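Accompanying notes for the structure given below.
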Amino acid sequence: MLRHLTPAALGRTAGSDRKTSVLRRLAVTAVALTAAATAIPAIPAHAAAFKVLVFSKTAAFRHDSIPAGIQAIRELGAANDFAVDATEDANAFTSGNLAQYKAVVFLSTTGDVLNASQQTAFQSYIDGGGGYVGVHSASDTEYDWPYYGQLMGAWFNNHPAIQQATVRNEDRAHAAAAHLGQTWTRTDEWYNYRTNPRANVHVLQSLNESSYSGGNMGDHPITWCHPQSSGRSFYTGLGHTQESYSDTNFRTLLLGGIRYAAKAVNADCRPETGYTALYNGSTTGWSQVGPGSFTNSDATLTSQGGMGMLYYGAKEFHSYSLKLDWRMTGDSNSGVIVGFPPTSDPNTALNTGYEVQIDATDTSDKTTGAIYGVKSADIAARDAALNPPGQWNTYELLVEGERLQVFLNGTKINDFTNADPARSLQQGYIGIQNHGAGNEVAYRNIRIKELAGASPSPSPSPSPSPSPSPSASAGTSALRGVASGRCLDVNGASQTNGAAAQIWDCNGQAN
Numbered sequence: 022m023l024r025h026l027t028p029a030a031l032g033r034t035a036g037s038d039r040k041t042s043v044l045r046r047l048a049v050t051a052v053a054l055t056a057a058a059t060a061i062p063a064i065p066a067h068a069a070a071f072k073v074l075v076f077s078k079t080a081a082f083r084h085d086s087i088p089a090g091i092q093a094i095r096e097l098g099a100a101n102d103f104a105v106d107a108t109e110d111a112n113a114f115t116s117g118n119l120a121q122y123k124a125v126v127f128l129s130t131t132g133d134v135l136n137a138s139q140q141t142a143f144q145s146y147i148d149g150g151g152g153y154v155g156v157h158s159a160s161d162t163e164y165d166w167p168y169y170g171q172l173m174g175a176w177f178n179n180h181p182a183i184q185q186a187t188v189r190n191e192d193r194a195h196a197a198a199a200h201l202g203q204t205w206t207r208t209d210e211w212y213n214y215r216t217n218p219r220a221n222v223h224v225l226q227s228l229n230e231s232s233y234s235g236g237n238m239g240d241h242p243i244t245w246c247h248p249q250s251s252g253r254s255f256y257t258g259l260g261h262t263q264e265s266y267s268d269t270n271f272r273t274l275l276l277g278g279i280r281y282a283a284k285a286v287n288a289d290c291r292p293e294t295g296y297t298a299l300y301n302g303s304t305t306g307w308s309q310v311g312p313g314s315f316t317n318s319d320a321t322l323t324s325q326g327g328m329g330m331l332y333y334g335a336k337e338f339h340s341y342s343l344k345l346d347w348r349m350t351g352d353s354n355s356g357v358i359v360g361f362p363p364t365s366d367p368n369t370a371l372n373t374g375y376e377v378q379i380d381a382t383d384t385s386d387k388t389t390g391a392i393y394g395v396k397s398a399d400i401a402a403r404d405a406a407l408n409p410p411g412q413w414n415t416y417e418l419l420v421e422g423e424r425l426q427v428f429l430n431g432t433k434i435n436d437f438t439n440a441d442p443a444r445s446l447q448q449g450y451i452g453i454q455n456h457g458a459g460n461e462v463a464y465r466n467i468r469i470k471e472l473a474g475a476s477p478s479p480s481p482s483p484s485p486s487p488s489p490s491p492s493a494s495a496g497t498s499a500l501r502g503v504a505s506g507r508c509l510d511v512n513g514a515s516q517t518n519g520a521a522a523q524i525w526d527c528n529g530q531a532n
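Adding 21 to a residue's 1-based position in the sequence shown gives its number in our numbering.
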């Protein structure tokens, strides 16, 4: 039989029972909380987007700026979502260990720093898709290893005293130099190199040798990048001084190089020679047609209003490689138009030429990389190569006969052959579109290389001879050129011998 026992029967007072009950409840609660803490794992800290290894072993001269460089890269990583490990132990160069890093930074290394097996592991890492960043005396490293010379670009030769010099920023689309003006004056130790790397790398910066004493290369690259098999390479000769690593401009350059090598940002780092500037600050030879305009500041054209077009009318082009850098804001709309005749109407250019589109969102044949309304870009390739709005991208439009190939940041994303007899890519002009209010797209460094002896693809017309085309007005005759799509007309239907003929737009109206 159960009995109800009072506190007195148990030898406890009411007050002591209340205290015991409170303690018991607290103990039970503590046990429950402990169990809960054991059962539910702690929320992990945010994982960085990628990891970088900083390697600073020296077997010859040692720079006193190395500690400042390591600290700067750690700070850049903390602020830009990548983790940083630093070592001077070459035993870190195994295939298994390197696999955890997106890029390896050789920070002012000197001399022979890797043995044969470590070299093999590092080469496999880079060729398999890893990134290399060389800073300053990384070019004074591994002279007897040919692969490293290819990876790095050029070996150190000598240098004059530390002094101020002017740096020319040749590529302001790359994340390492997009923040800089056309020139940059700074103090550093300026290396001369044993060879000029320009033929094998993409030069981002070069030195104006007239701005300091001791340069002996003439054409003097100082910062560059290039693809290396499936990997990427970035090198800068800057970074000798401790002060460099507290300089915002240099830190941003270093950050851009690391992010490029780690494939966190894209760039066209293929070697580039033989191009002529159509626009690099001066609009000589360019004409605005249609409404709206482009502002011109800091060697950058920025669209406003529209719809109009700024086109280069100083010369007609046939087979060529056209390169230009562009940056869009938000879901802005613009495009590069090629293969059109002289015109005062931007719509004529669109109807007689082809537009390579810049637009973040639309149907696939009307978004970035598309031949507008005609052929979509390879969307997977485009998306993998594209930098987002607010960052710079580089187009190459390769025109050979009636074939137009489009490269985005060095990756081919479209391949189109014209088959419309009313249009021709074999001759025409080049323009950039200002689409309308709220569509802000900026352009930099528009350059072209004409391709001598290119083998054109067949014309879409069966014959190059001009064919007659009826005029809109009786008594006036016109001839349309099959290749150009332009009309030849005698003004006023003149029947006089020796009357002047003129070329004009075939717009369905009498001239």
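Glycine residues also receive a C-beta, built at the ideal position from the N, C-alpha and C atoms. These figures come from a predicted structure and were not determined experimentally.
Taking 3 residues as the shortest admissible run, the segment 316-396 contains the following complete beta strand (DSSP E) segments, listed from N- to C-terminal end: 321-325, 327-338, 341-349, 354-361, 375-380. In this structure, DSSP gives E230 a helical state, which the three-state scheme calls helix. Here the alpha carbons of I183 and N414 stand approximately 35 Å from one another. For M349 and T141, the gap between their C-alpha atoms comes out near 42 Å.
The beta-carbon separation of N101 and L276, rounded to 6 Å, stays under the 8 Å limit for a contact.
The residues E210, W211, Y212, N213, G235, in chain order, have a CB closer than 8 Å to that of H180 in the same chain once the five nearest residues on each side in sequence are set aside. Rounded to whole angstroms, the gap between the alpha carbons of Y296 and D133 is 38 Å. Counting of Cβ neighbours within 10 angstroms places Q185 among the exposed residues, the total staying below 16. Per the C-alpha coordinates, the member of F338, N372, S303 positioned closest to A473 is F338. Judged by their CB atoms, I358 and Y375 are nearer to each other than the 9 Å cut-off. The beta carbons of S342 and Q325 sit no closer together than 9 Å. Secondary structure of Y300 (DSSP, three-state): strand. Taking the C-beta atoms as reference points, G390 is found nearer than 9 Å to L429.
The segment 117-132 and the segment 78-95 touch, with no fewer than 3 CB-CB distances between them shorter than 8 Å. For the segment 52-139, the continuous alpha helix (DSSP H) assignments of 4+ residues that do not extend past its boundaries occur at 87-101, 116-119, in sequence order.
In this structure A104 is in contact with A69, their Cβ atoms being roughly 4 Å apart against a cut-off of 8 Å. Rounded to the nearest whole angstrom, the C-alpha separation of A406 and T432 is 7 Å. Scanning its chain for C-beta atoms nearer than 8 Å, with the 5 sequence neighbours on each side dropped, one finds around M330 the residues Q309, V310, G311, I358, P367, A370, G452, I453, Q454, N455, in chain order. E461 and F114 have their C-alpha atoms roughly 47 Å apart. With contacts defined as CB atoms closer than 9 Å, N354 and I379 qualify as a contacting pair. Here the alpha carbons of T305 and G278 stand approximately 33 Å from one another. The alpha-carbon separation between H195 and S397 amounts to approximately 26 Å. Nearest C-alpha to Y153 among H200, M173, E163, Q139: M173.
In the three-state DSSP reduction, G457 falls in the coil class, being neither helix nor strand.
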